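Written out below as structure tokens is the structure these notes cover.
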Amino acid sequence: MIALLRRDLTLALRAGGGFGLGLAFFLIVTVLVPFGVGPQAATLSVIAPGILWIGALLACLLSLDRLLALDYEDGTLDLLATAPLPLEAALSIKALAHWLTTGLPLVLAAPVLGILLSLPGPGYLWLVVSLALGTPALSVIGTFGAALTVGIKRGGLLLSLLVLPLYVPTLIFGAEAARRGALGQDPSTSLLLLAGITLATIALMPFASAAVLRMGLR
Amino acid sequence: MPLSIHDLTLARGGVPVLTGVSLSLQPGRALILRGPNGSGKTTLLRTIAGLAPPLSGTIEGAEDRVAYAAHADGLKAMLSVTENLTFWASVFGQIDINVALEAYDLHALKDRLAGTLSAGQKRRLGLARLLVTGRPVWVLDEPTVSLDAQAVAMFAAAVRGHLEGGGSALIATHIDLGLSEADVLDISPFRAADGALVGASDEAFL
Amino acid sequence: MSIWSYANPVKFLGLSAKVQPFLWGASAICVVGGLIWGFFGTPDDFRQGSTVKIIYLHVPAALMAINAWFMMLVTSLIWLIRRHHVSALAAKAAAPVGVVMTLIALVTGAIWGQPMWGTWWAWDPRLTSFLILFLFYLGYIALWEAVEDPDTAADLTSILCLVGSVFAVLSRYAVQFWNQGLHQGTSIPVATGGRSVADVFFYPLLMCMVGFGLLFLALVLYRTGTEIRLRRAAALRARAGRAA
Numbered sequence: 000m001i002a003l004l005r006r007d008l009t010l011a012l013r014a015g016g017g018f019g020l021g022l023a024f025f026l027i028v029t030v031l032v033p034f035g036v037g038p039q040a041a042t043l044s045v046i047a048p049g050i051l052w053i054g055a056l057l058a059c060l061l062s063l064d065r066l067l068a069l070d071y072e073d074g075t076l077d078l079l080a081t082a083p084l085p086l087e088a089a090l091s092i093k094a095l096a097h098w099l100t101t102g103l104p105l106v107l108a109a110p111v112l113g114i115l116l117s118l119p120g121p122g123y124l125w126l127v128v129s130l131a132l133g134t135p136a137l138s139v140i141g142t143f144g145a146a147l148t149v150g151i152k153r154g155g156l157l158l159s160l161l162v163l164p165l166y167v168p169t170l171i172f173g174a175e176a177a178r179r180g181a182l183g184q185d186p187s188t189s190l191l192l193l194a195g196i197t198l199a200t201i202a203l204m205p206f207a208s209a210a211v212l213r214m215g216l217r
Numbered sequence: 000m001p002l003s004i005h006d007l008t009l010a011r012g013g014v015p016v017l018t019g020v021s022l023s024l025q026p027g028r029a030l031i032l033r034g035p036n037g038s039g040k041t042t043l044l045r046t047i048a049g050l051a052p053p054l055s056g057t058i059e060g061a062e063d064r065v066a067y068a069a070h071a072d073g074l075k076a077m078l079s080v081t082e083n084l085t086f087w088a089s090v091f092g093q094i095d096i097n098v099a100l101e102a103y104d105l106h107a108l109k110d111r112l113a114g115t116l117s118a119g120q121k122r123r124l125g126l127a128r129l130l131v132t133g134r135p136v137w138v139l140d141e142p143t144v145s146l147d148a149q150a151v152a153m154f155a156a157a158v159r160g161h162l163e164g165g166g167s168a169l170i171a172t173h174i175d176l177g178l179s180e181a182d183v184l185d186i187s188p189f190r191a192a193d194g195a196l197v198g199a200s201d202e203a204f205l
Numbered sequence: 000m001s002i003w004s005y006a007n008p009v010k011f012l013g014l015s016a017k018v019q020p021f022l023w024g025a026s027a028i029c030v031v032g033g034l035i036w037g038f039f040g041t042p043d044d045f046r047q048g049s050t051v052k053i054i055y056l057h058v059p060a061a062l063m064a065i066n067a068w069f070m071m072l073v074t075s076l077i078w079l080i081r082r083h084h085v086s087a088l089a090a091k092a093a094a095p096v097g098v099v100m101t102l103i104a105l106v107t108g109a110i111w112g113q114p115m116w117g118t119w120w121a122w123d124p125r126l127t128s129f130l131i132l133f134l135f136y137l138g139y140i141a142l143w144e145a146v147e148d149p150d151t152a153a154d155l156t157s158i159l160c161l162v163g164s165v166f167a168v169l170s171r172y173a174v175q176f177w178n179q180g181l182h183q184g185t186s187i188p189v190a191t192g193g194r195s196v197a198d199v200f201f202y203p204l205l206m207c208m209v210g211f212g213l214l215f216l217a218l219v220l221y222r223t224g225t226e227i228r229l230r231r232a233a234a235l236r237a238r239a240g241r242a243a
């Protein structure tokens, strides 16, 4: 399992691995928003938590179609499916690798981008906490979507169509927590619900992902 | 423990391809599958590897004992030869990759990125992967594609070594591998008759 | 005789052909009768005026939009557990009907909302949930279209339907939480939800709901028949191709 994690991380970091693409995309989305809604700090600070959450979500989505498609094309998935490692575990590891290379950098970059959007002072802590709690769910749910579309040619767009509705609860609770934090209100209810979703998806989604991947490899 | 397959029926895309396939593969033996394109060799091998379920019939002695290799080798262009092999070795709970490097003469290439190898060299690396799985039953689909005569000899030697160590191999191929001791099975007679009703998923609609 | 015997496509088509004329007839009577009764036979609401009468389209469509997904969930489970092809195809056949019902519910909701709330669209929890349901339907249909092997498509969409159902329910509660959180509980009430409907409105509404239910059933049976015939044609073609 550690070998698989190490391999995925190595691949992401080497040339052509796409590490940093999500981060760059996140930055660009954040920079474009003021061009769209105007530079007034008052407007920006109201929408900042939501924009940062949506930016992080889209950046996560962007890298999903590489999550399994490359391993499918070069036969790695066939071989993993016949390996002693259960497919559920392999997919959990791949989701973890995706989070470490995409989700975690987004969490760390979010406060910096918060400055660009005049995020109010108390919001920084809760933005980071909500993203840290929520992005693992995005990776795990995304792995399910990637497994669903693995054998499909040009599955990238379909993947977005399938995964985005599944992201709704995570986005709602995550952005709500960040928004309440920024307004100086108590975000704990949203955070607890968000943590609940994340824990439940981490526990259950790998089974669904492995089931659909086995069907897709057949 | 032999690999024994009894009365296997297989479908591809809902249409039956093979029926009544029975074969047995003892440890230390190799079996070469022959048959024209589209006769169902790949389907049979994927089923034995556990990647696809059969329509009916039983497969014994395959679970967690098969090392499968097909056209795609599961190699990453951005990893070196050593890294690729070490990864698959540790996935299968093995450590030593030197035997594999030795058998396919890959020592000189071991620090090269897999992406910079020629097609034949990649194929050798893909076959070397079998040696780091530690699995007794090799299930190989066209293993010699893009190999030159010398590399085919390496492959034959590796298979022979595997058989001597008590392993077995099931190989689908069109060429002569120089494995004179291997049994040969032509799967054409198992081809599902036209209109045969064997439980394929499209039959519900006929 | 077991109900499962109708999982055989030929038997299913036979029964479906016998039942369908009655279903079409009954649904036409109920829908047309219910709508005429509702539109012309009931008084205007003292507060909402004649606009209230759109409930005779809005409520039954919304009801069927949810029921269609529920039916897909049940038939998907039957496919996963018992591998009856008719069940998987019925789920496939129901999805577009469900989409249209969802669209009707959304559009009639918007048309009703305009005079009532002064806006075509409000992010009311109920409306938002339907919009999310609409997205789930789109994803489900797109996955059916994208997968080439029909059995694999049935498997994948069934799992998507199961997972999607869980997330749809989750979204429903998340949306309620979200809007109350935003508006501090002052969200615009959807008239049909909370208040009791007087009998004079209720009976034609009931008739319309029954009519939409029958219409849904007839459409699904018809479309399932089409899907079965398509699969039969594909199966015959595949076999003929092999023989050649």
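Line order of the protein sequences matches chains Z, X and P.
All residue numbers for the first sequence refer to numbering that gives the first Met the number 0, where the first residue is 0 and numbers rise by one.
All residue numbers for the second sequence refer to numbering that gives the first Met the number 0, where the first residue is 0 and numbers rise by one.
All residue numbers for the third sequence refer to numbering that gives the first Met the number 0, where the first residue is 0 and numbers rise by one.
Just so it is clear, CB atoms sit at the ideal spot from N, CA and C, and this is done for glycine as well.
Computed from a predicted structure; not experimentally measured.
*Along the chain, where does the beta strand (DSSP E) that runs through Glu-59 of chain X open and close?*
Here residue 59 of chain X refers to the residue found at position 60 when the second sequence is read from its first residue. Unbroken beta strand (DSSP E) run through Glu-59 of chain X: 55-59.
*Given a cut-off of 8 Å, decide if Ala-29 of chain X and Val-158 of chain X are closer than it, judged by their beta-carbon atoms.*
Translated into positions along the second sequence, residue 158 of chain X becomes position 159. Translated into positions along the second sequence, residue 29 of chain X becomes position 30. Against a cut-off of 8 Å, the Cβ pair of Ala-29 of chain X and Val-158 of chain X comes out as a contact.
_Please classify Ala-239 of chain P as buried or exposed, where buried requires at least 16 neighbouring CB atoms within 10 angstroms._
Here residue 239 of chain P refers to the residue found at position 240 when the third sequence is read from its first residue. Exposed, by the Cβ-count rule.
*Work out the CA separation of Pro-168 of chain Z and Leu-169 of chain P for me, nearest whole Å.*
Taking the third sequence and counting its residues from 1, the one referred to as residue 169 of chain P is at position 170. Taking the first sequence and counting its residues from 1, the one referred to as residue 168 of chain Z is at position 169. So the alpha carbons of these two residues sit roughly 6 Å apart.
_Based on DSSP bridge pairs, tell me the residues matched to Ala-168 of chain X._
Along the second sequence, read from residue 1 onward, the residue named residue 168 of chain X stands at position 169. X:Ala-29, X:Trp-137.
*Should the stretch 22-32 of chain Z be called in touch with the stretch 50-61 of chain Z, which here means at least 3 C-beta pairs below 8 Å?*
yes
*What are the start and end residues of each continuous alpha helix (DSSP H) run of 4 or more residues lying completely inside the stretch 106-180 of chain Z, in chain order?*
122-147
_At the level of alpha carbons, what is the spacing between Ala-27 of chain P and Phe-135 of chain P?_
On the third sequence, residue 27 of chain P is found 28 positions in, with the first residue counted as 1. On the third sequence, residue 135 of chain P is found 136 positions in, with the first residue counted as 1. Going from the Cα of Ala-27 of chain P to the Cα of Phe-135 of chain P covers about 29 Å.
*Could you list which residues in chain P have their beta carbon closer than 8 Å to that of Met-0 of chain Z, in chain order?*
Position 1 of the first sequence holds residue 0 of chain Z. Per Cβ cutoff of 8 Å: no residues; Met-0 of chain Z is ~24 Å from chain P at best.
_So, with DSSP's three-state summary, where would you put Val-144 of chain X?_
Against the second sequence, residue 144 of chain X aligns to sequence position 145. In this structure, Val-144 of chain X counts as coil in the three-state DSSP scheme.
*Beta carbon of Tyr-71 of chain Z nearer than 8 Å to that of Val-149 of chain Z*: Residue mapping note: residue 71 of chain Z aligns to position 72 of the first sequence, counting from 1. Residue mapping note: residue 149 of chain Z aligns to position 150 of the first sequence, counting from 1. A contact, by the Cβ cut-off of 8 Å.
*Which class does Arg-125 of chain P belong to by DSSP, given the choice of helix, strand or coil?*
The sequence position of residue 125 of chain P within the third sequence is 126, counting from 1. Residue state, collapsed to three classes: helix.
*What whole-angstrom Cβ distance do Pro-141 of chain Z and Leu-63 of chain Z have, given they're in contact under 8 Å?*
Along the first sequence, read from residue 1 onward, the residue named residue 141 of chain Z stands at position 142. Along the first sequence, read from residue 1 onward, the residue named residue 63 of chain Z stands at position 64. The question names Pro, but residue 141 of chain Z is Gly in the sequence shown. Confirmed, about 4 Å.
*Just mark Asp-77 of chain Z as buried or exposed, buried being the case when its beta carbon has 16 or more other beta carbons within 10 Å.*
Position 78 of the first sequence, counted from the first residue, corresponds to residue 77 of chain Z. Under this definition Asp-77 of chain Z is a buried residue.
_Euclidean distance between Cα positions of Leu-10 of chain Z and Gly-13 of chain P_ = Here residue 10 of chain Z is taken as the residue at index 11 of the first sequence, counted from 1. Here residue 13 of chain P is taken as the residue at index 14 of the third sequence, counted from 1. Cα to Cα, Leu-10 of chain Z sits roughly 57 Å from Gly-13 of chain P.
*Span of the beta strand (DSSP E) holding Asp-104 of chain X?*
By one-based count along the second sequence, residue 104 of chain X stands at place 105. It is not in any beta strand (DSSP E) - Asp-104 of chain X carries neither H nor E in the DSSP assignment.
*Rounded to whole angstroms, what's the CA-CA distance from Val-136 of chain X to Ala-90 of chain P? Just pull it up for me.*
Residue numbering aside, residue 136 of chain X sits at position 137 when the second sequence is read from its first letter. Residue numbering aside, residue 90 of chain P sits at position 91 when the third sequence is read from its first letter. About 42 Å.
*Out of Z:Tyr-166, Z:Ser-189, Z:Leu-182, Z:Gly-183, state which residue places its alpha-carbon closest to the alpha-carbon of Ala-176 of chain Z.*
Taking the first residue of the first sequence as 1, we reach residue 176 of chain Z at position 177. Considering only alpha carbons, the answer is Z:Ser-189.
_The beta strand (DSSP E) that contains Pro-42 of chain P, what's its start and end?_
Here the question's residue 42 of chain P lines up with position 43 in the third sequence. Here Pro-42 of chain P belongs to no beta strand (DSSP E), and DSSP marks it neither H nor E.
_N-terminal and C-terminal residue of the alpha helix (DSSP H) that Asp-73 of chain Z is part of_ = Residue mapping note: residue 73 of chain Z aligns to position 74 of the first sequence, counting from 1. No alpha helix (DSSP H) contains Asp-73 of chain Z, which DSSP labels as neither H nor E.
*Does the stretch 79-91 of chain Z come within contact of the stretch 195-212 of chain Z, defined as at least 3 CB pairs closer than 8 Å?*
yes
*asked:* Give me, in chain order, the residues of the same chain whose beta-carbon lies closer than 6 Å to that of Asp-6 of chain X; leave out the 5 immediate sequence neighbours on both sides.
replied: Working through the second sequence from its first residue, we reach residue 6 of chain X at position 7. Around Asp-6 of chain X: Gly-19, Ser-21, Gly-56.
*Anything in chain X within Cβ reach of Ala-80 of chain Z, meaning under 7 Å, just list it in chain order.*
The sequence position of residue 80 of chain Z within the first sequence is 81, counting from 1. Those are Leu-50, listed as they occur along chain X.
*Assuming Gly-49 of chain X and Arg-11 of chain X make a contact with CB atoms under 8 Å, what is their CB distance in whole Å?*
Translated into positions along the second sequence, residue 49 of chain X becomes position 50. Translated into positions along the second sequence, residue 11 of chain X becomes position 12. Between Arg-11 of chain X and Gly-49 of chain X the Cβ distance is about 16 Å, and since that is not below 8 Å, they are no contact.
*Going by beta carbon distance, what residues of the same chain come within less than 7 Å of Gly-184 of chain P, once the five residues before and after it are set aside?*
By one-based count along the third sequence, residue 184 of chain P stands at place 185. Caution applies to Gly-184 of chain P, whose pLDDT of 38 falls short of 50 and renders its modelled position unreliable; the value that the coordinates give is listed next. Counting only Cβ-Cβ distances below 7 Å, and skipping sequence neighbours, we find nothing.
*Please classify Val-199 of chain P: is it buried, with 16 or more other beta-carbons within 10 angstroms of its beta-carbon, or exposed?*
The sequence position of residue 199 of chain P within the third sequence is 200, counting from 1. When all chains shown are included, Val-199 of chain P counts as exposed.
_Going by beta-carbon coordinates alone, are Leu-204 of chain P and Ile-54 of chain P separated by less than 8 Å?_
Residue numbering aside, residue 204 of chain P sits at position 205 when the third sequence is read from its first letter. Residue numbering aside, residue 54 of chain P sits at position 55 when the third sequence is read from its first letter. Yes, the pair counts as a contact, with Cβ atoms nearer than the cut-off.
*Determine the contact status of Ala-68 of chain X and Leu-139 of chain X, defining contact as a CB-CB distance below 8 Å.*
Along the second sequence, one-based indexing puts residue 68 of chain X at 69. Along the second sequence, one-based indexing puts residue 139 of chain X at 140. Going by C-beta atoms, Ala-68 of chain X is nearer than 8 Å to Leu-139 of chain X.
_If distances are taken between C-alpha atoms only, which option among Z:Leu-115, Z:Leu-212, Z:Thr-81 comes closest to Ala-40 of chain Z?_
Translated into positions along the first sequence, residue 40 of chain Z becomes position 41. Nearest option by C-alpha distance: Z:Leu-115.
_Using the Cβ count rule (16 or more neighbours within 10 Å means buried), how would you classify Asn-178 of chain P?_
The residue you call residue 178 of chain P lines up with position 179 of the third sequence. So Asn-178 of chain P counts as buried.
*Report the option in X:Leu-84, X:Gln-25, X:Glu-202 whose CA atom is closest to the CA atom of Thr-132 of chain X.*
Residue numbering aside, residue 132 of chain X sits at position 133 when the second sequence is read from its first letter. The residue with the shortest Cα to Cα distance from Thr-132 of chain X is X:Leu-84.
*Which value, in whole angstroms, describes the spacing of the CA atoms of Arg-217 of chain Z and Gly-13 of chain X?*
Sequence index remark: in the first sequence, residue 217 of chain Z carries index 218 (1-based). Sequence index remark: in the second sequence, residue 13 of chain X carries index 14 (1-based). So the two alpha carbons sit approximately 12 Å from each other.
*Taking a cut of 9 Å between CB atoms, which residues from the stretch 115-141 of chain P lie near chain X?*
none
_Proximity test, Cβ basis, 8 Å: Ile-158 of chain P and chain Z_ = The residue given as residue 158 of chain P occupies position 159 in the third sequence. Yes, Ile-158 of chain P lies at the interface with chain Z (some Cβ there is under 8 Å from its Cβ).
*Go through its chain and collect everything with a Cβ distance to Ala-109 of chain P's Cβ below 7 Å, but skip five positions before and after it.*
If you number the third sequence from 1, residue 109 of chain P lands on position 110. Only Trp-119, Trp-120 meet the Cβ criterion.
*How about Tyr-139 of chain P and Ala-94 of chain P: do their beta carbons lie closer than 8 Å?*
Position 140 of the third sequence, counted from the first residue, corresponds to residue 139 of chain P. Position 95 of the third sequence, counted from the first residue, corresponds to residue 94 of chain P. The answer is yes: Cβ separation under 8 Å.
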